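Asks: Got a structure here, written out as structure tokens. Questions coming.
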Amino acid sequence: MTDGTLETIDGRPTLRFERTLAHSVERVWRAVSEPAELERWFPAAADWTPAAGETFEAYGATGEVTEVDAPHRLAWNFGGESYSFELTAQGDGCLLVFTHVFGDRSLAAQTAAGWETYFSRLEPHLAGGFLSEKDAHEPWTEWEKVHERYAERFGVDPTPGRRFLAAQRGGES
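Counting in our numbering, the sequence shown runs from 731 upward without gaps.
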């Protein structure tokens, strides 16, 4: 389901995703804050506590945790971009809101499709299963469909995402 939105925060493009999950705030908090849990579904497992002001390394860059209000809010900066998770109890479950503030609006569809793929791994993880990154991306035709829907919804040129996809497929079109 394509439910990300493209907004603007402080003049910068921002992706926002909401997920209603059938798990408690505390369970989802562990999934979004503990390194061993993050590595099972998120693009990078930050080696953090996390604590406000703490720095961490990933992909050869340094990030900083900017806000922690366990088990409700976690925010950090990484690579000049800002990210956050907000968790709110909702009945027996939890509403997760994820935001990603970035710099290049032309990459909005590609980035949104990527987040959709990672969030497709979260629910199986919370339920005690596992969906590998490779399996989540295969077949790339699903990523491509999601990307094209986002490009149309956001009114952005799909070319950057199509180039990315071609590179992932080894140059096929």
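Glycine is no exception: its CB is placed at the ideal position from the N, C-alpha and C atoms.
Here the structure is a predicted model, which is why all the values come from computation and not from measurement.
Quick one: measure Cβ to Cβ for S754 and C824, integer angstroms, because I've assumed they're closer than 8 Å.
Replies: As a first step, residue 754 must be located in the sequence shown, where it is residue number 24. As a first step, residue 824 must be located in the sequence shown, where it is residue number 94. Between C824 and S754 the Cβ distance is about 6 Å, and since that is below 8 Å, they are a contact.
Asks: As a quick exercise: from H855, K864, E878 and S836, pick the residue whose alpha carbon is nearest that of F744.
Replies: Along the sequence shown, read from residue 1 onward, the residue named residue 744 stands at position 14. The question names Phe, yet the displayed sequence has Thr at residue 744. The shortest Cα separation from T744 among H855, K864, E878 and S836 belongs to S836.
Asks: Could you have a look at T779 and say whether DSSP puts it in helix, strand or coil?
Replies: In the sequence shown, the residue the question calls residue 779 occupies position 49. Coil.
Asks: Go through its chain and collect everything with a Cβ distance to R851's Cβ below 6 Å, but skip five positions before and after it.
Replies: Here the question's residue 851 lines up with position 121 in the sequence shown. Cβ within range, chain order: W771, L861 and A866.
Asks: Quick check on DSSP: helix, strand or coil for S903?
Replies: In the sequence shown, counting from the first residue as 1, residue 903 sits at position 173. With a pLDDT of 42 at S903, under the threshold of 50, the predicted position of this residue should be treated as unreliable, though the coordinate-derived value follows. S903 falls in the coil class under three-state DSSP.
Asks: Under the three-state reduction of DSSP, which class applies to Y848: helix, strand or coil?
Replies: Within the sequence shown, residue 848 is the residue found at index 118, counting from 1. If DSSP states are grouped into helix, strand and coil, Y848 belongs with the helices.
Asks: Please confirm if the stretch 883-898 is in contact with the stretch 831-846, defined as three or more CB-CB distances below 8 Å between the two stretches.
Replies: As far as the Cβ criterion goes, the stretch 883-898 touches the stretch 831-846, which means the pair count is three or higher.
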